[in-house]
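For reference, each letter of the sequence shown is one residue, going -19 to -1, 1 to 384 in mature numbering (1 follows the signal peptide of the UniProt record, and there is no 0). In this text, a Cβ means the ideal position worked out from N, Cα and C, and glycines have one as well. Small disclaimer: the values here were computed from a predicted structure and weren't measured. First the structure, in the form of structure tokens, and then the observations on it.
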Amino acid sequence: MHRALTTLVLLICFSTAQATLPHCQAALDPNSYSSAPHNAIVEVNDDGSIVVQHDLTSFTPQPEVMADFERFYAEMSSRNKTFAFFPLYNRAIDFSSERPDFRGDESITAYQHYVADLKKIGLYVPDLIRLRRRTGTAFLKQDNHWTNDFAKVVADNIAQHIRTWPGYAALDHHRVVLQRDLTSFIGAYGSSLAHACQAHVADEMQPRYVATVRRDLLSDSEPQVVVLGSSNMSRGSEQSFEAELEYDLRAQVVNFGVVSGDFEAAMENYLDSPAYAYTGPQYVVWESPGPIWKPDFFRREIARAKGVCQSPLFTVTTQNGSQTLSTPLQLGPQDYLALIGDGPGMFEASVTLNGAVTLALSKHPMSENNSRLFVEVGRPVSVSRLQIDSPYLGHMTLSVCRG
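Structural data, given as structure tokens:
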């Protein structure tokens, strides 16, 4: 009787899934990908149409970006921050089986070269390709996010490595109880349904549990492990990454991941937080945008990490608008501009140097504390006049500081 009831439930679930998932077959039709670039991560709509997310033909950043990253890594290391770093790598590995025309080997090779470059400067970079092969279903179908299973595999790998780092044994380890809650009935049969649809990835068919951590009352209040990154770290079921990591390490994890995938906002939240000011050893687990880095991203973050200069070379406010120097000021690549606003919220300003060199500065509204912006000059420049213009009425001060 019990076996017959179980069979009936599975048949009902399977029939329901086919009825409610019209894209199950359409999304797996190789012809539906024909209009996409050969090497691209795409999203599949319910009708089988596709939206190109980003190209994968080049994982290697520009040399100057890599040099900026090395400087950023050195700056963080000098502040007792030890990094586990992994470039964003979504479903490209899966496309080798879903799309006959996808040059998966080419993208994988480029990714592996990129990872090797990062390891050369001393970073720990998990091999997500190898970890991907440890789990049956790694990515959700519609939005490319990690499944709970893959989040656990990656968290376990990161934790295993952190336990070997200096200082880990001295952390104030505490009792952690991990609870996994299934949030959908049909999700319990996800693997069977995925195979029935001949899918390597699935969305509605995934086991949807949310992993939560219960700490004891005497837990260490100092931030010991910091998580930065995209929605793989912070949205919905992927909250399991943070919980699994905390459970593995028996250490407090502070998550600054940003749901929108705004990596810059995640880093800004961290640098504006008490966690960054903590001077003890700290392990930072960072999922990066990889090939979609902005050229000036790390220059900005280095300047932010240094903080506001105590003795600016000169300042300009939105009240006086501009300043002309009697003697031109020579600025080097590492000197920086610090734009300080009077409150949270999005703001922007146009900064004109010598009436010709213009920097457009803006802040993203998703940042928790987004009233500050730091930008390195990036190249030698002689400044005799500086002007600031902004469409916002709030008071802002622009300072020029030595790097």
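Here Thr305 is actually not in contact with Ser363; their C-beta atoms are around 14 angstroms apart, not less than 8 angstroms. Between the alpha carbons of Val265 and Val332 lies a distance of about 33 angstroms. For Ile110, the uninterrupted alpha helix (DSSP H) run begins and ends at 109 to 113, by DSSP. Lys287 and Leu367 have their C-alpha atoms some 22 angstroms from each other. Close CB contacts of Ser292 within its chain, under the 6 angstroms cut and outside five residues either way in sequence, are absent. Apart from sequence neighbours up to five positions away, the residues of its chain that approach Gly313 with a beta-carbon distance below 8 angstroms are Val358, Pro361, Gly384, ordered along the chain.
Here the alpha carbon of Ile369 sits roughly 28 angstroms from the alpha carbon of Tyr251. Note on geometry: alpha-carbon atoms of Gly148 and Phe53 lie some 22 angstroms from one another. In this structure, Phe279 is the residue among Phe279, Ser307, Thr296 with its C-alpha nearest to the C-alpha of Ala55. Residue pairing from DSSP places Ser380 in a beta bridge opposite Thr296, Ala319.
Here Glu225 is buried: its Cβ has 16 or more other Cβ atoms, across all protein chains shown, within 10 Å. Around the CB of Arg113, 16 or more other CB atoms lie within 10 Å, so the residue is classed as buried. Pro262 and His142 have their C-alpha atoms some 15 angstroms from each other. Looking at the backbone, the Cα of Arg231 and that of Ala258 are separated by about 22 angstroms. Taken through DSSP and simplified to helix, strand or coil, Ser269 comes out as strand. In this model, Gly238 and Val135 are separated by some 16 angstroms (Cα to Cα). For Asp370, the pairing in a beta bridge is given by DSSP as Ser331. Exclusion of the five residues before and after Tyr105 leaves Ala65, His142 as the residues of its chain whose Cβ lies within less than 6 angstroms of its Cβ. When only Cα atoms are considered, Phe50 and Asn61 end up about 17 angstroms apart. Per DSSP, Ser307 is one residue of the beta strand (DSSP E) stretching across 303 to 312. Under DSSP, Phe355 forms a beta bridge with Ala319. The Cβ-Cβ distance between Met377 and Ile321 falls below 8 angstroms. A Cβ-Cβ separation of about 6 angstroms places Phe295 in contact with Val381 under the 8 angstroms criterion.
Asp98 places its beta carbon less than 8 angstroms from that of Met47. Spatial neighbours of Arg285 in its own chain (CB-CB distance under 6 angstroms, excluding positions within 5 residues in sequence) are listed in chain order as Leu252, Phe355. Burial state of Ala150 is exposed, judged by a 10 Å Cβ sphere holding fewer than 16 other Cβ atoms. With contacts defined as CB atoms closer than 8 angstroms, Glu223 and Val157 fail to qualify as a contacting pair. The three-state secondary structure of Thr63, taken from DSSP, is strand. In this structure, the CA atom of Asp277 is about 32 angstroms from the CA atom of Gln233. Apart from sequence neighbours up to five positions away, the residues of its chain that approach Val96 with a beta-carbon distance below 6 angstroms are Val106, ordered along the chain. Straight-line measurement puts the Cα of Leu334 at about 12 angstroms from the Cα of Val297.
Only residues of its own chain outside the window of five on either side were considered, and among them Thr63, Tyr264 have a CB closer than 7 angstroms to the CB of Trp146, listed in chain order.
Its Cα nearest to that of Asp316, the residue Cys290 stands out among Cys290, His154, Ser307, Ser303.
It is roughly 10 angstroms from the alpha-carbon of Ala140 to the alpha-carbon of Lys133. For Val234, the enclosing beta strand (DSSP E) stretches over residues 234 to 236.
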